[in-house]
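A.B. asks:
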Amino acid sequence: MSRLPRHDILFEPVQIGPKTLRNRFYQVPHCTGFGVEKPWTQAAFRGMKAEGGWAAVCTEYCSISAETDESPYVSARLWDEEDARALRLMTEEAHRHGALAGVELWHGGLYAETRESRLPPIAPSQLSSDFDGITVPRVMTAADIRRVQEEWVAAALRSRDAGFDIVYVYGSHTYLPTQFLSPVYNRRTDRYGGSFENRSRFWLEAIELVRDAVGGDCAIAVRIAADTLEGSGVELAEGLEFIRRADPMVDLWDVTIGALSGWQRVDSGPSRFFEQGYQLEWSGQARRATAKPIVVVGRFTDPDRMAEVVRGGTVDLIGAARPSISDPFLPRKIEEGRYDEVRECIGCNACYSRSIWGRHLGCTQNATAGEEHRRGWHPERFDRAENAEKTALVVGAGPAGMECAIVLAKRGLELVHLVDADGDIGGCLQWVTRLPGLGEWGRLIDYRRVQMERLPNLQFVPGMRLDAAGVREYGADIAIVATGARWNADGMNGITRAPIAGAGEGLAHVLTPEQVMVEGLRPPGSRVCVIDYEGYFTGAGIAEVLRAEGREVELLTCFDLVAHYCDQTLEGVRLRRRLHDLGVGAHRAATATGIDPQGVDAADEFGRPFRIDCDGVVMVAQRGSDDALHRALADDPDALAAAGVDQVHAIGDCVAPRLIADAIFDGHRLAREIDSPDPSRPLPYLRERPLV
Ligand code: ADP
Ligand code: SF4
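Each residue of the sequence shown is one higher than the one before, starting from 5 at the first, in the working numbering.
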């Protein structure tokens, strides 16, 4: 198979200052949680993308000094030579695979929380951070301004010496340079505040100094929000004017939109609210101000759309963070015409929720993301299992079961049967993807369906419900249970640590999400209360479904915010706005004390009782593992031995109900280690820690 000629344009080289990008695929800076704390993980993670064909791979935001320390969030750092040594591992990996390496030098200004360094944050003016009202920054003096610019230069020199090809003077996302540029953040009356000329001075000078220092060796990139959108003060006209003024000093424009927080936060837009290419409306306008190469993001995974965007002339490079996490080999697959093998990002932002807060990046679609170094996993290569002569039966074709069966088959097992009581693969995804805005999550199934069709040793058996005897009689050597989880009908939950009085199975006025979405049941009457003690997508999604059908919907949550976990996936602000606009009522920081056919008794955070009159309830309290099959098998080892089954394992939600990303990871992990001494116990992974 070869690629379509209309995609050739994506593989043209692009000159940026003294450097050449081998094609138009550009991994823009994005968070990982690795920074310089996990230098080998960082190097292997970015290096994998370089191997997969990206022309450039960049670090996450990279702090230039202790005054811009954002602990406990994890950024990269270039404070000294040791940091440079750590990041050199990454540039070497990038170069080994023919990619350029970029570093996003960063100063957060008032947004640097400095919880490690304990230095006061500095900013153009004394306005507190909208994230952290208890810290108010120190106003920068003229000497501070010059010092920060010099620190930027010093970090740029370290970057060059560490082997970076592209050096950023990063200013978007309302960080320090934009804080100077914005009349909202910048209230100065000296030559760095007031007129546009004055407000742009800090950033222009910094770019000039960095260019003078490293411009002969490195490409100079600037990341800017074409429009910071409402409330942050740099509108399109000024954004474009800044680009015009800085343009002679810049080799590559990395254009975003929006600000760091709140309603204006449109970067890393989740698929729930943003379609592929969603930033172009603003970022595409940068061409009016520059003829230099422009890179924009927009969750691009469709090569037709990419080629169209480049051909249209507004953009030169296809920027990607999430599509490169989900498929590090996206460019190679397109280059080789392997279009249906692309593991398309679903826009769920689980990666974001797992990276920046000092955790370890993970991806729903790509279980190997972040595991390249510590577990030695390659997204496209699978060693033949030492016990490949075995056959395996996987019961349950949800996320965990699908992934496990595919990886087992790729590891060359003689025969893998994936069995499900349902008529199709997908498990819980079959109904989750029907919740409003979550259709793109169906790519989790689409990708795996294609993979399964290509594996001759993998067979899907639909419409078969197996009990323990059925599993034993099936004839496989290895049995893997992936039967998932179900929402509790009795309201048992970890908040009150008790069921809810009056709730339970078999009641017409108390339904679970599966009963609503799979069985199509509806609570009687027109008034419904959704009780949400989970705070992720299910409660809000069900509320929206029922509201769209014309019901009066009240959502009761024990948390201070509706769907609070969605704040970690950058969906929360918009999701709450949507529920509000639809007319869904919200009761926050409350617990249900009893349910009857006429309503819900509840208590507020101080224990004061109140009542919600309604005709029925949907119970989104907690899921319980469907582990009966696994227990029945594991509890009778003699029967297993007699049937010739030598291994039984459980994976995914039937072990513990967690994120879809975790279920997929669990299935992948078991299959990668199916030939280990005890596959049910994960092998230790490499840890990066200071040696004592
Ligand atoms: P996970 O998220 O852990 O992958 P899901 O809940 O999405 O789990 O999927 C579990 C799948 O297992 C569902 O498709 C369900 O139909 C199937 N299943 C559950 N019990 C059995 C069984 N005894 N035999 C066959 N299939 C089963
Ligand atoms: Fe895309 Fe979700 Fe993976 Fe992030 S976690 S890269 S949003 S699929």
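Glycine residues also receive a C-beta, built at the ideal position from the N, C-alpha and C atoms.
Looking only at its own chain, which residues have a Cβ that is under 6 Å from the Cβ of residue 120, when we skip the five neighbours before and after it?
C.D. replies: 73, 75.
A.B. asks: Pick out whichever of 54, 199, 638 has its Cα sitting closest to the Cα of residue 97.
C.D. replies: Per the Cα distances, 54.
A.B. asks: Could you tell me which whole beta strand (DSSP E) segments of length 3 or greater appear in the stretch 532 to 574?
C.D. replies: DSSP runs (the beta strand (DSSP E)) wholly in the stretch 532 to 574: 556 to 561.
A.B. asks: Where does residue 247 land, buried or exposed, given buried means 16+ other C-beta within 10 angstroms?
C.D. replies: Looking at its Cβ environment, which holds 16 or more other Cβ atoms inside 10 Å, residue 247 is buried.
A.B. asks: Would the C-beta of residue 35 count as close to the ligand SF4, meaning under 7 Å from any of its heavy atoms?
C.D. replies: No - the ligand SF4 has no heavy atom lying nearer than 7 Å to the Cβ of residue 35.
A.B. asks: In whole angstroms, give me the CA-to-CA distance for residue 66 and residue 352.
C.D. replies: Rounded to whole angstroms, residue 66 to residue 352 spans 25 Å at the Cα level.
A.B. asks: What does the alpha-carbon distance come out to for the pair residue 597 and residue 531?
C.D. replies: If I take the Cα positions, the gap works out to 19 Å.
A.B. asks: Exposed or buried, what is residue 24 when buried is set at 16 or more other beta-carbons lying within 10 Å of its beta-carbon?
C.D. replies: Answer is exposed; the Cβ neighbour count stays below 16.
A.B. asks: Rounded C-beta distance between residue 131 and residue 189? I'm assuming under 8 Å.
C.D. replies: That belief holds up - the Cβ atoms of residue 131 and residue 189 are roughly 6 Å apart, short of 8 Å.
A.B. asks: Does the beta-carbon of residue 193 have 16 or more other beta-carbons within 10 angstroms, so that it is buried, or is it exposed?
C.D. replies: It is exposed - the Cβ of residue 193 has fewer than 16 other Cβ atoms within 10 Å.
A.B. asks: Quick one: using the 10 Å Cβ neighbour count with 16 as the cut-off for buried, is residue 144 buried or exposed?
C.D. replies: Flag for residue 144 reads buried.
A.B. asks: How about residue 254 and residue 211: do their beta carbons lie closer than 8 Å?
C.D. replies: Yes, the Cβ-Cβ distance between residue 254 and residue 211 is below 8 Å.
A.B. asks: Under the assumption that residue 113 contacts residue 180 (Cβ atoms under 8 Å), give the Cβ distance between them as a whole number of angstroms.
C.D. replies: Confirmed, Cβ separation roughly 3 Å.
A.B. asks: Residue range of the alpha helix (DSSP H) that residue 422 falls in?
C.D. replies: Per DSSP, residue 422 belongs to no alpha helix (DSSP H); it is in the beta strand (DSSP E), 419 to 423.
A.B. asks: Closer than 8 Å is the cut-off here; do at least three beta carbon pairs connect the stretch 19 to 37 with the stretch 320 to 335?
C.D. replies: Flag = yes, the stretch 19 to 37 and the stretch 320 to 335 touch.
A.B. asks: If you pair each beta-carbon of the stretch 430 to 443 with each one of the stretch 492 to 499, do three or more pairs fall below 8 Å?
C.D. replies: No, the stretch 430 to 443 does not touch the stretch 492 to 499.
A.B. asks: Taking 8 Å as the cut-off, decide whether the C-beta atoms of residue 330 and residue 369 are in contact.
C.D. replies: Yes; because the gap between Cβ atoms is below 8 Å, this pair is in contact.
A.B. asks: Between residue 514 and residue 522, what straight-line distance do the alpha-carbon atoms span, to the nearest angstrom?
C.D. replies: Each residue's alpha carbon lies about 15 Å from the other.
A.B. asks: With distances taken from CA atoms, which of 399, 367, 302, 610 is nearest residue 564?
C.D. replies: With distances taken between Cα atoms, residue 564 lies closest to 610.
A.B. asks: Only counting the same chain, and skipping five residues up and downstream in sequence, which positions put a Cβ closer than 6 Å to that of residue 215?
C.D. replies: Only 224, 253 meet the Cβ criterion.
A.B. asks: Measure from the alpha carbon of residue 6 to the alpha carbon of each residue in 505, 683, 174, 343, then state which is nearest.
C.D. replies: The shortest Cα separation from residue 6 among 505, 683, 174, 343 belongs to 343.
A.B. asks: Does the beta carbon of residue 663 fall short of 7 Å from some heavy atom of the ligand ADP?
C.D. replies: False, no ligand heavy atom lies under 7 Å from that Cβ.
A.B. asks: Let me confirm a value: residue 156 is counted as buried when at least 16 other C-beta atoms fall within 10 Å, else exposed. Which label applies?
C.D. replies: Residue 156 should be labelled buried.
A.B. asks: Buried or exposed for residue 594, please, with buried defined as at least 16 other CB atoms from any protein chain shown within 10 angstroms of its CB.
C.D. replies: Buried, by the Cβ-count rule.
A.B. asks: Can you tell me whether residue 142 is helix, strand or coil according to DSSP?
C.D. replies: Three-state DSSP puts residue 142 in a strand.
A.B. asks: Which first and last residues belong to the alpha helix (DSSP H) in which residue 577 is found?
C.D. replies: Run containing residue 577: 576 to 586, per the alpha helix (DSSP H) assignment.
A.B. asks: With respect to the alpha helix (DSSP H) encompassing residue 394, which residues constitute its N-terminal and C-terminal limits?
C.D. replies: From DSSP, residue 394 is part of no alpha helix (DSSP H); its letter is neither H nor E.
A.B. asks: So, for residue 293: in the same chain, excluding its five sequence neighbours on each side, which residues have a beta-carbon less than 6 Å away from its beta-carbon?
C.D. replies: Taken in chain order, the residues that qualify are 244, 247, 248.
A.B. asks: Going residue by residue through the stretch 575 to 662, where are the continuous alpha helix (DSSP H) segments of at least 4 residues, counting only ones entirely within it?
C.D. replies: Those alpha helix (DSSP H) runs which fall completely within the stretch 575 to 662 and span 4+ residues are 576 to 586, 632 to 638, 641 to 647.
A.B. asks: Classify residue 485 as buried or exposed, calling it buried when 16 or more other Cβ atoms lie within 10 Å of its own Cβ.
C.D. replies: Classification of residue 485: buried, given that the 10 Å Cβ count is 16 or more.
A.B. asks: Starting from residue 355 and walking both ways along the alpha helix (DSSP H), at which residues does that stretch end?
C.D. replies: Start and end: 354 to 359.
A.B. asks: Does any heavy atom of the ligand SF4 sit closer than 7 Å to the C-beta of residue 369?
C.D. replies: Flag set: Cβ of residue 369 near the ligand SF4.
A.B. asks: Between the alpha carbons of residue 391 and residue 469, how many angstroms are there, rounded?
C.D. replies: Going from the Cα of residue 391 to the Cα of residue 469 covers about 27 Å.
A.B. asks: Whole angstroms is fine: what's the gap from residue 87's alpha carbon to residue 105's?
C.D. replies: Taking the straight line joining both Cα atoms gives about 16 Å.
A.B. asks: Excluding the five sequence neighbours on either side, which residues of its own chain have a C-beta within less than 6 Å of the C-beta of residue 407, listed in chain order?
C.D. replies: Here the set comprises 668, 671, 672.
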